[in-house]
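Residue numbers (this note's numbering): 94 to 438.
Think of the CB as a built atom: it goes at the ideal place given N, C-alpha and C, for glycine as much as any other residue.
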């Protein structure tokens, strides 16, 4: 090869490498810009993000996601629903506001998310606590609430002195049914003859009804009540607090759901919150959003969060020693497969 041809070939190679480097740099910069502008929203199920339960857990997780990714507060937003009539308008507003992923928080949003997913195939959705099949623009995330509720049942039965405990559910949904099933199974694994009073408020927002139910349960001898009723569950807390502060009862306890509700158990004489089941909605949102930012969105898939992968759990920090021992033994038996918990009635 002549010197002239050699120089020409070298120049062409250098130019190509420079172009490739420039394209790679542009691609990297575009990805960074895309991540910097990423934003997500959630639509609540009828309670606010201050319900001290389900929606609050999801909202706190979104805020953590924004902070961990060094994004502004405007990168996350919530649309509060007062009733089912708000679901479609709220989802539509979030779509118009151009959020990258819109999360429906709770089983009650299933039909609305499915409808909007059909109408907007390019919009990414996430549905928590329910499963939609056959839609590539919806990732469904459910939780093994029967596992955490089993541990709550073990704690309740181990703590109870009256051999009577209660369960207050919101509405009968797949998730709440799992709570009831797991709680009963866990309690009976400790005390097969224990009495379990099961009542439903038929609402996730009516704390007054939950308080009335709790009043009757405590009056009839239940000394531990587990509530899985969303914001309505605060009524159980109110009744326990009133009875303890008035001296009407001495040894009664409450078990919260979805997030650590220890702070809600404070009263003048101490704290009545025995423990809380944990449903890590915030972590689920953070994990899925981070995956989507890397073009690994799990659209069309059903993700199950359980004890094994850290998606559910129970607060152990305040349990008495004997109760803690029983709970940890049950947890290990679930993880090893020694205990099989039913998922349906």
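Just to confirm, is the Cβ distance from residue i to residue j under 8 Å?
i	j	result
residue 306	residue 261	yes
residue 397	residue 409	no
residue 206	residue 234	no
residue 392	residue 231	yes
residue 372	residue 405	yes
residue 278	residue 434	yes
residue 345	residue 329	no
residue 326	residue 309	no
residue 196	residue 133	yes
residue 218	residue 210	yes
residue 324	residue 294	no
residue 362	residue 338	yes
residue 147	residue 198	yes
residue 290	residue 315	yes
residue 424	residue 244	yes
residue 263	residue 300	no
residue 274	residue 387	no
residue 176	residue 139	yes
residue 401	residue 428	yes
Just to confirm the assignment, what range does the alpha helix (DSSP H) spanning residue i have?
i	result
residue 304	300-312
residue 415	414-429
residue 246	238-252
residue 93	As displayed, the chain neither begins before 94 nor continues past 438, which places residue 93 out of reach and without an answer.
residue 328	327-339
Where do the N-terminal and C-terminal ends of the beta strand (DSSP E) with residue i fall, by residue?
i	result
residue 406	405-407
residue 290	288-293
residue 319	317-321
residue 184	Not the beta strand (DSSP E): residue 184 falls in the alpha helix (DSSP H), residues 180-189.
residue 219	217-221
residue 345	Careful: residue 345 lies outside any beta strand (DSSP E) and carries neither H nor E.
residue 260	257-262
Can you tell me whether residue i is helix, strand or coil according to DSSP?
i	result
residue 149	helix
residue 197	strand
residue 411	coil
residue 368	strand
residue 362	coil
residue 235	strand
residue 375	helix
residue 212	helix
residue 391	coil
residue 170	strand
residue 165	coil
residue 398	strand
residue 124	For residue 124, the predicted structure reports a pLDDT of 48, less than 50, and the residue's modelled location is therefore unreliable. A value from the coordinates is still provided. Helix, per DSSP.
residue 139	coil
residue 432	coil
Quick one: residues in its chain with C-beta nearer than 6 Å to the C-beta of residue i, no 5 flanking neighbours on either side, listed in chain order?
i	result
residue 383	none
residue 256	287
residue 334	360
residue 304	328, 331 and 332
Leaving aside the five residues before and after residue i along the sequence, list all residues of the same chain whose C-beta is less than 7 Å from its C-beta, in chain order.
i	result
residue 271	238, 239, 242 and 436
residue 416	248, 251 and 252
residue 143	149
residue 336	311, 342 and 345
What does a CB cutoff of less than 8 Å around residue i pick up in its chain, not counting 5 residues either side in sequence?
i	result
residue 117	Low per-residue confidence applies at residue 117: pLDDT is 49, beneath 50, and the placement is therefore not dependable enough to give any value.
residue 213	188 and 230
residue 411	355, 364, 366, 367 and 368
Worksheet item: Counting Cβ pairs closer than 8 Å, one from the region 154-167 and one from the region 366-379, do we hit at least three?
Response: In this structure the region 154-167 lies against the region 366-379, because at least three pairs of beta carbons, one per stretch, are closer than 8 Å.
Worksheet item: Does the region 202-217 come close enough to the region 275-291 to have 3 or more Cβ pairs within less than 8 Å?
Response: These segments do not touch.
Discussion item. Any contact between the region 215-224 and the region 166-173? By contact I mean 3 or more CB pairs, one from each, below 8 Å.
Written reply: Touching, no, given that fewer than three Cβ pairs across the two stretches are closer than 8 Å.
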